[in-house]
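K.L.:
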Amino acid sequence: MSGYNYEEDSPLANKSNIPEKSFLESLSDDGLLEYIAGLSQEQGEDHGEQYSRGDYFHDKQKRQEKQDREFRERYGNGSELFSGISIYVNGFTKPGRLQLHEMVVANGGKFVHFLSCKGRVSHIIASNLPLKKRVELASYKICRPEWIVDSIEEGKLLPWQDYALLSDQDEIQPKLPQTAIVSCKHPDFLKQFFSKSRLHHLSNWKSDLRAEFCERFLEKPLRIPGKSEVVTVFHIDFDCFFASVSAAANGFDIHAEPIVVCHGTKNSDIASCNYEARRYGIRNGMWVGTAVRMMPRGKKLVRLGYDFEQFELMSKRFYQILHDSQFELVLPISIDEAVCVTGYLTHSECELICRGIRENVSNVTNGCTVSIGCGGSLVLARLALKRSKPDGYQIVDCDGLDDVFWSHLKIEDLPGVGHSLACKISEYSYPPIGNLLELRQMAQDSLRRCVGEKMGNKIYLAVRGKDDEESCKMIYEPRQFFQRKSLSIDINWGIRFDTIYEIDEFIDRCTQYLIDKLRELDKKTSQLTLKIMKRSKDEAIEPPKYLGMGKCDPVARSTRLGVPTDEFGVIATEIKSTFRSLCCPPRELRGIAIQFNKLEKTASNQAKLPFVDAKIYQNLPSDVKSEIGRELNKRSINIRRTAPKRINSYQEQFIQELPTQIRGEVENEIHITNKVNKTKFDEIKEQVAKRQNEKVNAKSHFLGENTILLPIKFQNQTNFKKIIQLVMNWVDGTIRSQGPHEKDLRLFEKYLQRLSDTNRLPLVLRICKLISVKLELRSEFFSHCNGFQEWEKVLLQMILPKLNKNKHTFQTVRKLDIDFDT
Ligand code: DCP
Ligand code: CA
Ligand code: CA
Numbered sequence: 001m002s003g004y005n006y007e008e009d010s011p012l013a014n015k016s017n018i019p020e021k022s023f024l025e026s027l028s029d030d031g032l033l034e035y036i037a038g039l040s041q042e043q044g045e046d047h048g049e050q051y052s053r054g055d056y057f058h059d060k061q062k063r064q065e066k067q068d069r070e071f072r073e074r075y076g077n078g079s080e081l082f083s084g085i086s087i088y089v090n091g092f093t094k095p096g097r098l099q100l101h102e103m104v105v106a107n108g109g110k111f112v113h114f115l116s117c118k119g120r121v122s123h124i125i126a127s128n129l130p131l132k133k134r135v136e137l138a139s140y141k142i143c144r145p146e147w148i149v150d151s152i153e154e155g156k157l158l159p160w161q162d163y164a165l166l167s168d169q170d171e172i173q174p175k176l177p178q179t180a181i182v183s184c185k186h187p188d189f190l191k192q193f194f195s196k197s198r199l200h201h202l203s204n205w206k207s208d209l210r211a212e213f214c215e216r217f218l219e220k221p222l223r224i225p226g227k228s229e230v231v232t233v234f235h236i237d238f239d240c241f242f243a244s245v246s247a248a249a250n251g252f253d254i255h256a257e258p259i260v261v262c263h264g265t266k267n268s269d270i271a272s273c274n275y276e277a278r279r280y281g282i283r284n285g286m287w288v289g290t291a292v293r294m295m296p297r298g299k300k301l302v303r304l305g306y307d308f309e310q311f312e313l314m315s316k317r318f319y320q321i322l323h324d325s326q327f328e329l330v331l332p333i334s335i336d337e338a339v340c341v342t343g344y345l346t347h348s349e350c351e352l353i354c355r356g357i358r359e360n361v362s363n364v365t366n367g368c369t370v371s372i373g374c375g376g377s378l379v380l381a382r383l384a385l386k387r388s389k390p391d392g393y394q395i396v397d398c399d400g401l402d403d404v405f406w407s408h409l410k411i412e413d414l415p416g417v418g419h420s421l422a423c424k425i426s427e428y429s430y431p432p433i434g435n436l437l438e439l440r441q442m443a444q445d446s447l448r449r450c451v452g453e454k455m456g457n458k459i460y461l462a463v464r465g466k467d468d469e470e471s472c473k474m475i476y477e478p479r480q481f482f483q484r485k486s487l488s489i490d491i492n493w494g495i496r497f498d499t500i501y502e503i504d505e506f507i508d509r510c511t512q513y514l515i516d517k518l519r520e521l522d523k524k525t526s527q528l529t530l531k532i533m534k535r536s537k538d539e540a541i542e543p544p545k546y547l548g549m550g551k552c553d554p555v556a557r558s559t560r561l562g563v564p565t566d567e568f569g570v571i572a573t574e575i576k577s578t579f580r581s582l583c584c585p586p587r588e589l590r591g592i593a594i595q596f597n598k599l600e601k602t603a604s605n606q607a608k609l610p611f612v613d614a615k616i617y618q619n620l621p622s623d624v625k626s627e628i629g630r631e632l633n634k635r636s637i638n639i640r641r642t643a644p645k646r647i648n649s650y651q652e653q654f655i656q657e658l659p660t661q662i663r664g665e666v667e668n669e670i671h672i673t674n675k676v677n678k679t680k681f682d683e684i685k686e687q688v689a690k691r692q693n694e695k696v697n698a699k700s701h702f703l704g705e706n707t708i709l710l711p712i713k714f715q716n717q718t719n720f721k722k723i724i725q726l727v728m729n730w731v732d733g734t735i736r737s738q739g740p741h742e743k744d745l746r747l748f749e750k751y752l753q754r755l756s757d758t759n760r761l762p763l764v765l766r767i768c769k770l771i772s773v774k775l776e777l778r779s780e781f782f783s784h785c786n787g788f789q790e791w792e793k794v795l796l797q798m799i800l801p802k803l804n805k806n807k808h809t810f811q812t813v814r815k816l817d818i819d820f821d822t
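At position 674 of the sequence shown (counting the first as 1) the number is 674 in UniProt numbering, and the numbers step up by one without a gap.
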């Protein structure tokens with residue numbers, strides 16, 4: 001406090017209504033000493049020696065008040081601004097305690113020196129409060145000193161709430177006590193994570209909407225427009241969806257003040273902010289702390305929590321209106337967004353529809369607004385939507401597309417173009433491209449060179465108002481487009497494990513969750529993807545966001561299962577072994593995502609189901625095409641592209657005979673085989689020689705301990721995927737000749753033994769399965785070969801016994817018996 005120089009620091013000093021003499025100067029010597037004593041009392045020293053502590057403070061306060069009155073009579077300007085208000089200043093403030101004292105007293109308020117005078121204080125002024133004080137003072141009105149300064153400046157008492165200290169801090173919003181957070185090692189973790197994760201909600205809603213769309217399709221065949229038909233597309237999207245819904249639910253006027261929806265802590269991100277907040281530069285996805293700092297002094301940022309039930313309810317009503325609106329197609333994009341398609345409409349008809357929908361939605365959602373873009377293609381509708389926001393609609397007629405329209409759009413407004421891609425395009429030319437009008441000048445070739453053939457095409461068409469073939473599928477093959485192609489779980493918060501076994505358990509739970517969903521859908525999967533987030537080397541062990549991921553390096557790996565399955569044992573084992581192959585120390589793991597891909601209907605004869613070749617379908621006359629498409633949809637008959645592959649006709653024939661599930665696998669294998677075919681024999685001979693030399697060395701690589709994370713080498717490789725490839729090539733290279741060399745086999749066996757000795761049995765299973773699948777595939781042509789029979793022996797006499805010996809550690813006992821007891 002001593003550092004304050006009144007003349008320079010006091011905001012009142014420059015104003016003529018206060019005389020030159022300061023508060024301290026106005027005190028008598030006695031008063032000054034007491035004042036100083038009072039301050040030091042404040043710091044915890046006990047000066048009440050003559051009589052009781054209470055008496056002492058009481059007297060002191062009385063005397064202080066008298067002095068204040070005198071000060072006011074002498075120096076005040078008659079202002080009653082703070083009449084009835086008594087403030088107490090806690091801790092360091094700017095302006096300082098002395099200045100605040102003057103300001104308040106000079107304007108008719110009271111200044112309380114000691115908080116022990118309970119009931120006297122109406123407001124506590126503080127710039128900062130430690131947590132303990134916050135709890136202690138929770139029942140007071142606590143605000144920042146700016147309240148006093150601004151009120152004097154404006155000549156009226158401003159609402160203290162706008163300066164409330166606690167609303168700027170974490171505690172104001174209801175937050176789950178940290179004890180309620182379940183550890184990721186607890187069986188209930190997933191349930192809790194799902195209930196709170198907005199991204200999980202968003203993705204669930206999206207897939208539910210899509211599933212519902214597909215069901216509707218089957219119930220009541222929809223009219224799919226033909227490809228040459230002129231269509232009108234309406235792209236409809238809520239303005240600041242979460243913010244609007246939460247605001248309405250909590251009685252806030254969405255237009256009146258800046259509002260964000262978030263979890264309440266500084267280090268959480270903003271899911272949605274209203275357009276008032278965007279005026280200050282606040283954006284969706286920004287951290288709350290950053291947003292608060294962007295607000296001008298004294299302006300409050302309203303922070304609201306999530307209300308998932310309301311979001312869902314409003315979305316349902318929104319979709320209901322669209323379904324009732326006689327569109328031919330209502331395509332679900334997300335919880336707050338849909339694309340609706342009709343045949344050709346005039347400008348004024350479009351206008352009527354836009355107005356009607358906007359009004360109806362507003363009526364059933366407590367005044368939430370949607371914006372609508374309307375045009376003759378998906379991309380035009382979307383760009384028009386961008387231009388229409390917020391709270392508006394825009395209809396673009398192809399012939400009416402002018403330079404003004406394009407010049408107001410940014411590269412990032414294009415569908416499928418994110419920030420980094422936009423930067424790349426922008427910087428590709430000099431001077432950098434700033435808007436779509438400029439992008440229209442860019443040659444198709446340059447675009448392709450910059451972003452690749454496919455994206456280049458897409459963008460080239462987009463800035464001419466046209467959709468590329470891929471995007472069109474949404475309109476012309478909606479059922480395929482919206483069909484569920486994968487199932488996934490993505491946990492990006494709360495992941496903190498210590499051991500691989502805990503992770504195994506966690507993977508089991510995730511797998512079970514996905515399998516339940518898979519079975520609900522009556523499907524099987526034949527490809528798994530595991531993506532993990534691993535703490536970046538330079539990131540702190542604990543990131544700013546509580547239990548968040550912090551900066552991570554993503555690592556992902558996919559594996560194909562020979563045959564589609566929904567069996568827990570097979571899938572969980574596969575994922576666990578994949579996890580091990582990614583070599584992430586358990587403590588470094590920050591996020592796990594598991595995806596089931598290539599979902600197929602459970603029906604075992606799926607592969608034999610008829611399908612229509614896409615080429616044939618595309619060449620159908622346009623007048624019958626949509627009708628045929630509809631019929632195919634009704635019967636769940638897919639339209640498929642049969643990709644031409646560079647394979648010789650003998651193999652081609654063989655492949656055509658295969659069921660679809662394994663066709664892809666075989667094609668891939670053939671590709672690999674072809675690659676190694678040329679040099680295979682020499683290579684293998686060379687390898688054998690090399691291996692003999694290395695035999696002694698190799699021993700040192702094998703580990704006897706139970707350390708799960710130390711890599712085991714085979715052929716000087718530690719990467720399991722590479723080892724597998726090596727083994728597969730080895731099988732392929734020897735299956736038609738004499739089979740594996742005995743010495744190689746011994747090394748291989750040792751490798752397998754090490755794996756099973758160190759709890760890496762899933763890897764053994766994986767190798768076993770791959771060899772078995774390969775033999776199965778090759779049996780038709782090579783089962784008479786010596787090599788083939790040798791490999792069968794290896795499988796049955798060497799690998800299987802290892803697995804069976806340890807089968808108690810598997811959840812897949814049954815599977816092992818069935819598959820391998822030939
Ligand atoms: N959302 C989210 N996290 C994301 C993306 C979206 O929580 N990464 C939620 C919050 C949004 C809602 O989905 O309110 C809709 O997303 P939009 O992208 O449509 O954003 P808004 O509706 O908030 O704003 P705009 O007016 O720009 O559409
Ligand atoms: Ca929106
Ligand atoms: Ca949206």
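C-beta: ideal position from N, C-alpha, C; glycine also.
Are there any heavy atoms of ligand 3 lying less than 7 angstroms away from the beta-carbon of Glu-337, as far as the coordinates show?
P.N.:
Yes, since a heavy atom of ligand 3 falls inside the 7 angstroms radius drawn around the Cβ of Glu-337.
K.L.:
Does any heavy atom of ligand 3 sit closer than 7 angstroms to the C-beta of Ser-446?
P.N.:
Ser-446 Cβ: outside cutoff for every heavy atom of ligand 3.
K.L.:
Rounded to the nearest angstrom, what separates Leu-378 and Ile-125 at their Cα positions?
P.N.:
In a straight line, the C-alpha of Leu-378 is about 56 angstroms away from that of Ile-125.
K.L.:
Does Ala-164 come out as helix, strand or coil in the three-state DSSP assignment?
P.N.:
It is a strand residue.
K.L.:
Confirm, please, whether the CB-CB distance from Val-261 to Ile-270 is below 8 angstroms.
P.N.:
Yes. Within cutoff.
K.L.:
Lys-713 and Tyr-476 - do their beta-carbons sit closer together than 8 angstroms?
P.N.:
No; because the gap between Cβ atoms is not below 8 angstroms, this pair is not in contact.
K.L.:
Hey, would you say the C-beta of Phe-311 is under 7 angstroms away from at least one heavy atom of ligand 2?
P.N.:
Checking every heavy atom of ligand 2 against the Cβ of Phe-311, none is found closer than 7 angstroms.
K.L.:
Could you say which of Gly-285, Gly-281 and Gly-375 lies nearest to Met-294 if we only look at CA atoms?
P.N.:
Minimum Cα distance to Met-294 is reached at Gly-281.
K.L.:
What are the residues that DSSP puts in a beta bridge with His-123?
P.N.:
Answer is Ile-87 and Lys-141, bridged to His-123.
K.L.:
Can you tell me which of the three DSSP states Ser-377 falls into?
P.N.:
It is coil, neither helix nor strand.
K.L.:
Nearest by alpha-carbon distance to Leu-250: which of His-235, Asp-208, Arg-278 and Gln-310 is it?
P.N.:
Here residue 250 turns out to be Asn, not Leu, going by the sequence shown. Of His-235, Asp-208, Arg-278 and Gln-310, the residue nearest in Cα terms is Gln-310.
K.L.:
Could you compute how far the alpha carbon of Arg-317 sits from the alpha carbon of Asp-504?
P.N.:
Each residue's alpha carbon lies about 42 angstroms from the other.
K.L.:
Quick check: the Cα distance between Ser-315 and Ile-335, rounded to an integer number of angstroms?
P.N.:
Ser-315 and Ile-335: Cα-Cα distance of roughly 6 angstroms.
K.L.:
Using a Cβ-Cβ cutoff of less than 6 angstroms, which residues in the same chain neighbour Glu-49 once the five nearest sequence positions on both sides are dropped?
P.N.:
For Glu-49, the predicted structure reports a pLDDT of 49, less than 50, and the residue's modelled location is therefore unreliable. A value from the coordinates is still provided. Contacts found: none.
K.L.:
Nearest by alpha-carbon distance to Phe-217: which of Val-89, Gly-787, Glu-328 and Tyr-501 is it?
P.N.:
Here the closest residue by C-alpha is Glu-328.
K.L.:
Report yes if the C-beta of Ala-243 is less than 7 angstroms from at least one heavy atom of ligand 1; otherwise report no.
P.N.:
Yes, Cβ of Ala-243 sits closer than 7 angstroms to a heavy atom of ligand 1.
K.L.:
By the 10 Å Cβ neighbour count, where 16 or more other Cβ atoms means buried, how is Leu-352 classified, buried or exposed?
P.N.:
Answer is exposed; the Cβ neighbour count stays below 16.
K.L.:
Reducing DSSP to helix, strand and coil, say where Trp-493 ends up.
P.N.:
DSSP places Trp-493 in coil when its eight states are reduced to three.
K.L.:
Are the beta-carbon atoms of Gln-527 and Leu-561 separated by less than 8 angstroms?
P.N.:
Their beta carbons are under 8 angstroms apart, which means Gln-527 touches Leu-561 by this criterion.
K.L.:
Excluding the 5 residues flanking Lys-805 on each side, which residues of the same chain have their C-beta closer than 6 angstroms to its C-beta?
P.N.:
Same-chain partners within the cutoff: there are none.
K.L.:
Once you ignore the five residues that flank Ile-130 on each side, which residues in its own chain have a CB closer than 7 angstroms to its CB?
P.N.:
With the sequence shown as reference, residue 130 is identified as Pro, and Ile is not the correct amino acid for it. Hits under 7 angstroms: none found.
K.L.:
Please classify Tyr-428: does DSSP put it in a helix, a strand, or coil?
P.N.:
The answer is helix: DSSP assigns Tyr-428 an H, G or I state.
K.L.:
Which of the three DSSP states, helix, strand or coil, is assigned to Lys-524?
P.N.:
Three-state DSSP puts Lys-524 in a strand.
K.L.:
Count the CB pairs spanning the stretch 198 to 213 and the stretch 619 to 637 that are closer than 8 angstroms, and state whether there are at least three.
P.N.:
Flag = no, the stretch 198 to 213 and the stretch 619 to 637 do not touch.
K.L.:
So, for Ile-333: in the same chain, excluding its five sequence neighbours on each side, which residues have a beta-carbon less than 7 angstroms away from its beta-carbon?
P.N.:
Excluding sequence neighbours, Ile-333 sits near Val-339.
K.L.:
In its own chain, which residues sit with a C-beta less than 7 angstroms from the C-beta of Gly-591, not counting the 5 before and 5 after it?
P.N.:
These residues qualify, in order along the chain: Ile-491, Asn-492, Ile-495, Ile-532, Met-533, Met-549 and Cys-552.
K.L.:
Determine, using beta carbons only, whether residue 845 and Ile-321 come nearer to each other than 8 angstroms.
P.N.:
This structure gives no information on residue 845, because the portion of the chain shown stretches from 1 to 822.
K.L.:
Near Ala-572, what residues of its chain come up, given a Cβ to Cβ distance below 7 angstroms and the 5 sequence neighbours on each side ignored?
P.N.:
For Ala-572, where only same-chain residues beyond five positions count, the Cβ hits under 7 angstroms are Ile-507, Asp-508, Thr-511 and Gln-811.
K.L.:
Identify the continuous beta strand (DSSP E) that holds Tyr-393 and give its terminal residues.
P.N.:
Tyr-393 -> beta strand (DSSP E) spans 393 to 395.
K.L.:
List the DSSP bridge partners of Glu-337.
P.N.:
According to DSSP, Glu-337 bridges with Asp-237 and Ser-334.
K.L.:
Give the DSSP-derived three-state secondary structure of Glu-600 in the structure shown.
P.N.:
Reduced to three states, the DSSP call for Glu-600 is strand.
K.L.:
What is the C-beta distance between Ser-244 and Asn-284, in whole angstroms, given that I count them as a contact (C-beta under 8 angstroms)?
P.N.:
Ser-244 to Asn-284, Cβ: 13 angstroms. No contact.
K.L.:
Could you say if the stretch 423 to 430 and the stretch 374 to 388 meet the contact criterion of at least three C-beta pairs nearer than 8 angstroms?
P.N.:
The stretch 423 to 430 is not in contact with the stretch 374 to 388.
K.L.:
Please classify His-347 as buried or exposed, where buried requires at least 16 other C-beta atoms within 10 Å of its C-beta.
P.N.:
Exposed: under 16 other Cβ atoms inside 10 Å.
K.L.:
Output yes or no for whether 8 angstroms exceeds the beta carbon distance between Asp-237 and Leu-383.
P.N.:
In this structure, Leu-383 does not lie closer than 8 angstroms to Asp-237 by Cβ.
K.L.:
Using the Cα positions of Thr-734 and Asn-719, report the straight-line distance between them to the nearest angstrom.
P.N.:
If you take the alpha carbons of Thr-734 and Asn-719, they lie about 23 angstroms apart.
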